[in-house]
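When you read off a place in the sequence shown, starting at 1, and then add 21, the result is the number in our numbering.
Reviewing the structure listed below.
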Amino acid sequence: MASRIPHLLEPYLTLPHEAGLVVLTSVLGASTNWLLLRHLYSLLKLSSSPTSKPAPHAGAPEESKSTEQEQQEEDVAVLLISFLRDFAFWRENAARLGLDLQAAARRGRFAYVDGLSSLFFPTPAQGPGQQQQQQRVVEGWKRVLTSPVPGDMGRVILESVEQLEKGKGSTGAADGTLDGGNGKNVVLVIDGLDFVLAASNPAAGTAMALREMLMDLRERTHAAIVTLAADHPLIKEQETTLEKQHAWFALNLAHEADTVLSLRLLDTGAAKDVSGVIRITGGGGMSHTDGHEYLYHVGGDGGVRVFERGQ
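Take a look at the structure:
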């Protein structure tokens, strides 16, 4: 764990509690990619979490301990929806951490919704009965969004949630007859949800619709992790309609969140051995998160070091 997840971040990368919301914010030059990858690693590779089943007692046979540990790991599934990066990016960078996303998908513990490649592609006029064909399935565990309308996106995402809840991987039955109901904790991970807001007509009420969509999805999943841009013009200035809508959306999520992990650049400018600052605070939700601020450095090999100021 220590080799892939910085020790200081371990308490914040465990499985969120039920109905929890974790918000990761970034600015230009301080991306959340490395942080989101470590969330994926923690959820899919590790079994230790506050909501995991109790560990076997000290006198339990080793075989029993191993079986129960495997069961704890299999109880968590992750649905990744990415609007800014393709699956190849996540697959390759997760592999550098020792995490095989495709193998996790085959075990029914991971699914992916592509919100990048076809979201705004023009499509022929379709009647209501053809809507399901528009949001086409690429693989059993992978879907592609072809409509930026929040209602359409929500329906496709819920299909993936239901698939994970039933424990169906790429070898699962396509007709839904596979026996499921094993009670998986599905964690929703959405990268760049605010991109839909920026790329849509800001006067069309997209911010409110996106928030309602997210609320509906959170009701159907164990917890959610969402990344957002928090650059100064998008949050502070609020002169254009887009800036006002983005600020409203981001601040609402921050107030609902249990934990907010914010990345920014150094106030004093660039440094050779420091990539930026990570600030950890409790959101407006029922959170007991202690506030901390650390420095971090992302190496050329993808490794990350997080440390206190002065170290």
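Note that CB positions come from ideal geometry on N, CA and C, so glycine has one too.
With a minimum length of 3 residues, the unbroken runs of beta strand (DSSP E) contained wholly in the segment 267–324 fall at 280–285, 297–303, 313–319. By the Cβ rule, the segment 249–262 does not count as touching the segment 23–41, because fewer than three pairs are nearer than 8 Å.
The shortest C-alpha to C-alpha distance from V327 to any of G303, G304, D294 is the one to D294. Given a length threshold of 4 residues, each whole run of the alpha helix (DSSP H) inside the segment 226–274 is given here in chain order: 227–241.
Within the segment 95–141, the complete alpha helix (DSSP H) runs of at least 4 residues fall at 108–117, 122–127. For a cut-off of 8 Å, the C-beta gap from L57 to L45 is around 6 Å, short enough to register as a contact.
Assigned with DSSP and collapsed to three states, A51 falls in strand. Remark: C-beta atoms of E39 and A244 approach each other more closely than 8 Å. By the neighbour-count criterion, in which 16 or more other beta carbons inside 10 Å mark a residue as buried, L100 falls on the buried side.
The DSSP-derived three-state label of I211 is strand. The C-alpha of H253 is placed about 21 Å away from the C-alpha of T227.
Residue nearest to V170 within the set F216, R59, V182 is F216 (criterion: CA-CA distance).
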